[in-house]
Each structure stands twice: as C-alpha cells, then as structure tokens.
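**Student:** When you line the sequence shown up against mature numbering (1 follows the signal peptide of the UniProt record, and there is no 0), it's residues -24 to -1, 1 to 143, in that order.
Quick reminder that beta carbons are idealized off the backbone N, C-alpha and C, glycines included.
Quick caveat, the model's predicted, so the values are computed rather than measured.
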Amino acid sequence: MKKASKLFLGLGIALTLMVLTACGNGYDKNGIPTELKKSYTGSTDIEDYDANIPSGGSTLTFNTNSHTIKVKTDDETKTVYFKVLSKKDMTKDTKGKLNKVKSKLEGNKYFVMVLTARKSDLTQKAKSQSFPIFVSVSDRGNKIHMFEYNDGYTRSEYFDYSGESDT
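1. Throw me the rounded Cβ distance for the Val56 and Ala93 pair, which I believe falls under 8 Å.
2. Quick one: what does DSSP say Asn28 is sitting in, helix, strand or coil?
3. As a quick exercise: from Gly139, Ser141 and Phe123, pick the residue whose alpha carbon is nearest that of Glu23.
4. Contact defined as beta carbons within less than 8 Å: I believe Leu81 pairs with Ser112. What is the distance between those atoms, to the nearest angstrom?
5. Hey, Lys48 and Thr35: beta-carbon distance below 8 Å or not?
6. Nearest to Gly18 by CA position, among Thr37, Tyr25 and Thr10, is which residue?
7. If Ser15 sits next to Ser141, beta carbons under 8 Å apart, how far is it from one beta carbon to the other, in whole angstroms?
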C-alpha cells in the first residue's frame, strides 16, 4: 500500500510539473519569449538609430544567454549587445511609447530592448532608454518584427525590421 501511494504521489508531482510548464507565461527569466527562435533572416529599409542593425537584408542570430545578436549581412558580420527592459525598469517615456504601440504588439509575445555596439555601453543605454526597440514574435516564433517608436520629430524614417525564422 505504501509503495502504491508513493507511486501515485510521484506521478501526481510529475503531472503537476508538466502542466505548470505547459501553462507557463511563455517568457524566460529575462523577459524574452520562449518562442524566440535562434535566427531570423529579414530586412529593414533604414538602420536603427545607433546603426547596430544596418538597412537592407540581414540575418540576426540571438544568443539569449550572453544577450548578444550576431548581425550578418552580405558585407559584414558584427555582434551587438542587448538588454531587455522589464516594465518596472522602463522610464515613463518608454512606458508611454509602449502604450502607444501596444496595438502592433497585442496578440503576440513581445519585449522591449536597447541595443549597443559595445557591452560597456549597455548599462548607460539601459538607463537612458533612448530609441528602445520593440520586438514581437508571432506564428509560434517563426516571424519577428522589430521597430523603433516613430515620434515624427527626430527623424522622418524609422527602423522597422521584419524577418522569418531560419530554423
């Protein structure tokens, strides 16, 4: 009898863990959607404000452990650094921008990040949050859309990258 109850207890715990895993919120501990694939190929008509992701076609390879994106074009390959901004870490300005673009993000898993060419600049960029990048993944992570908020004042055109998963 004791063996049977231990077996049922073990099965109950295993089933509970599977259900909790399946019903999770879909984000890792850093706020990145678990649907995010490793690599996407796509394009943008204009580079992001800090020229981390160039205009034209490129493949973006995400490393969520080291918080890097390898950006590969026909002409070059470079690595840029990113930091995900949690809602509690966002400035009021970034929260306001997020509220204005929510309609583009709703229905998809999304996050907000800042990009820098040098890891040493990441802390300052996360504090200033100038030109945050809004990222949404859709179609079970097979599509990605990354864009800057268009305020219409700073520049006439804005970074707007769309891509599809390579995996």
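**Tutor:** Reading it off the structure:
1. So it is a contact: roughly 6 Å between Cβ atoms.
2. Coil at Asn28, not helix or strand.
3. Selected option, being the one with the closest Cα: Phe123.
4. Between Leu81 and Ser112 a beta carbon distance of about 5 Å is seen, short of the 8 Å cut, so the two are scored as contacting.
5. Taking the C-beta atoms as reference points, Thr35 is found nearer than 8 Å to Lys48.
6. Measuring from the Cα of Gly18, the nearest candidate turns out to be Thr37.
7. Going by Cβ atoms, the distance from Ser15 to Ser141 rounds to 7 Å, so yes, they are a contact pair.
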